[in-house]
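S.K.:
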Amino acid sequence: MMIDRQALSTLSDRLHESPAVVLLGPRQVGKTTLALALADTWPKGATYLDLERPADRSRLEDADAFLRTQGDKLVILDEIHRMPGLFEVLRGIIDERRRGGQRFGHFLLLGSASLDLMQQSSETLAGRVAYLEIGPIHALEWSANDLDTLWLRGGFPDSLLAANDAASLRWREDFVRSYLQRDVPLFAPRLPAETVGRLWTMLAHQQGALLQQSRLASGLGVSSPAVDRYIDLLVDLQLVRRLRPWSGNVGKRLVKAPKIYVRDSGLVHALLGLGSLHDLSGHPVCGLSFEGFCIDNLMAAASPNCTPYTYRTHAGAEIDLLIERGGQPWMAIEIKRSTAPTLSKGFDIACADLHIEQRYVVYPGTERFAMRHGAQAIGLVALMHMLRSG
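Written out as structure tokens, the structure reads:
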């Protein structure tokens, strides 16, 4: 089964606007599949090189000469972090082609670690490169009638499309093991992979909790700065979301700690050994897993000018997901796993603090109905469509 990724048209647009595009996303999320789908329809043809393959790396021993032989083709370089020295070569070719009037669509670069790759490429290709992130399959790309499967298995294609729940869980367990054995040593060789794995599991147990470095540090037997470094790595690999607290001036004592979510609900469940909806529904993480699932999906649908935050005061006012647009609080979202959702008083107070009129409660149903103080209960897919349309 092939799933149409909505990022395909966006990727094509970026390549028609920029000489190089960096496509970022976790391993196995579908970057290569997306790139090859684009290559099949690229007007001038495309050349694909996987830099993890020795044969493809050998073709780039004289990278400048080889890349020039590709003419007007789009050159796709997968796992670009394996050969960071290529950025200098790409810059020279891009600048030469620009002088000849060829301004767009030369190189598509794929990578897994966003921070290092963005730093390397932005330093060398400043003004010549655009960035696009691709995450796991989201609800607008899946069946609206089968969101529970997407929630349970997560959006990594091989997990979501597995023959059954048990096979899906095995795939995700192997994925976690592979990241710890391969990617942590690759991208952060000084960090102990075993400790990073323990932290990853602890974060799954505490899904959606306020970050408490000292508590995590105590449980791991490391320092608080070490915990920050481990979380930075997981955030960089797009496996964890650090949802920052909103910090505007509203005359309230705001909680300044971020919330931490393991990105992709399927990975949360794999880290906790939850292989079925029955297992999940009886586990304490159920509600917060659904909250993280909704946040990831909503932000996948939101436009680039939308920035997500959490909002919480010491007096108890709270918004699960606060979306800022144009530098101002714009939409407040409460997330409830219940099919008969109710509003908390803390949500009402927080919305009043920030003078927000766009107030929504996301719940597992599909019916949309009014609640108090102008808030509306709404299904996840419906709110995603609203965010996508503006």
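Everything in the sequence shown is counted per this note's numbering, starting at 544 for the first residue and increasing by one.
Where a beta carbon is used, it is the ideal one built from N, C-alpha and C, also for glycine.
#1: Can you tell me which residues form a DSSP beta bridge with V565?
#2: Between Y773 and the rest of its own chain, which residues show a CB-CB distance below 6 Å, the 5 nearest in sequence each way excluded?
#3: Apply the 10 Å Cβ neighbour rule to A709 and answer buried if 16 or more other Cβ atoms are within range, or exposed otherwise.
#4: Tell me, to the nearest whole angstrom, how far the beta carbon of G809 is from that of G697; I am working on the premise that it is less than 8 Å.
#5: In whole angstroms, what is the alpha-carbon distance linking E631 and T667?
#6: Measuring only the C-alpha atoms, how far is I892 from A860?
#7: Taking the alpha-carbon of R785 as reference, which of G825, L797 and T853 has the nearest alpha-carbon?
#8: Indicate the three-state DSSP secondary structure (helix, strand or coil) for M914 in the structure shown.
#9: Does Q749 pass the burial test, meaning 16 or more other C-beta atoms within 10 Å, or should it be called exposed?
#10: Looking at the structure shown, is L668 part of a helix, part of a strand, or coil, going by DSSP?
#11: Touching or not, the segment 867-885 and the segment 799-815, by the rule of three or more beta carbon pairs under 8 Å?
#12: To the nearest angstrom, how far is the alpha carbon of R725 from that of E676?
#13: Using CA atoms only, rank isn't needed, just tell me which of L777, Y674, D556 and S711 is closest to E565.
#14: Which of the three DSSP states is assigned to G922 in this structure?
#15: Within its chain, find whatever has a CB closer than 6 Å to the CB of M626; leave out the 5 residues flanking it on each side and keep chain order.
#16: For A844, report the span of its alpha helix (DSSP H) as first-last.
#17: If you follow the alpha helix (DSSP H) that P700 is part of, which residue opens it and which one closes it?
#18: If we ignore side chains and look at the alpha-carbon of each, how far apart do Q571 and A895 end up?
#19: According to the neighbour-count rule (16 or more other Cβ atoms, all chains shown, within 10 Å of its Cβ), is H857 buried or exposed?
#20: Reducing DSSP to helix, strand and coil, say where L763 ends up.
#21: Tell me which residues share the same chain as A935 and place their Cβ nearer than 6 Å to its Cβ, disregarding the 5 neighbours each side in the sequence.
#22: Indicate the three-state DSSP secondary structure (helix, strand or coil) for L786 in the structure shown.
#23: Given a threshold of 16 other Cβ atoms within 10 Å of its Cβ, counted over all protein chains shown, does D863 qualify as buried or as exposed?
#24: Give every residue of the same chain whose Cβ lies closer than 7 Å to the Cβ of A913, excluding the five residues on either side of it in the sequence, and list them in chain order.
#25: Any chance the segment 674-693 sits against the segment 580-593, with 3 or more Cβ pairs inside 8 Å?
#26: Let me know the secondary structure DSSP gives P847 once reduced to three states.
#27: Inspect the CB distances between the segment 715-725 and the segment 750-760 and report whether three or more fall short of 8 Å.
#28: Over what stretch of residues does the beta strand (DSSP E) that includes E595 continue unbroken?
#29: Near Y903, which residues of its chain fall below 8 Å by C-beta distance, leaving aside the five closest residues on each side in sequence?
M.R.: Considering the structure as presented:
#1: L652 and Y674
#2: V739 and L742
#3: exposed
#4: 2 Å
#5: 6 Å
#6: Rounded to the nearest whole angstrom, the CA to CA distance from I892 to A860 is 6 Å.
#7: T853
#8: coil
#9: It counts as buried.
#10: coil
#11: Verdict: no, contact absent.
#12: 22 Å
#13: Sequence inspection shows Val at residue 565; the Glu mentioned does not correspond to that position. Of L777, Y674, D556 and S711, the residue nearest in Cα terms is Y674.
#14: strand
#15: L594
#16: C829 to A844
#17: P700 to L703
#18: C-alpha separation (whole angstroms): 43 Å.
#19: That one is exposed.
#20: Helix, per DSSP.
#21: Absent from the structure is residue 935, since the part of the chain shown begins at 544 and ends at 933.
#22: strand
#23: buried
#24: The beta carbon of A913 sits closer than 7 Å to the beta carbons of Q919 from its chain, once the five residues preceding and following it are set aside; these are given in chain order.
#25: no
#26: The answer is coil: DSSP assigns P847 none of H, G, I, E or B.
#27: no
#28: Run containing E595: none; DSSP gives neither H nor E here.
#29: Within the same chain, Y903 has close Cβ partners M874, A875, I876, E877, A918, Q919, A920, I921 and L926.
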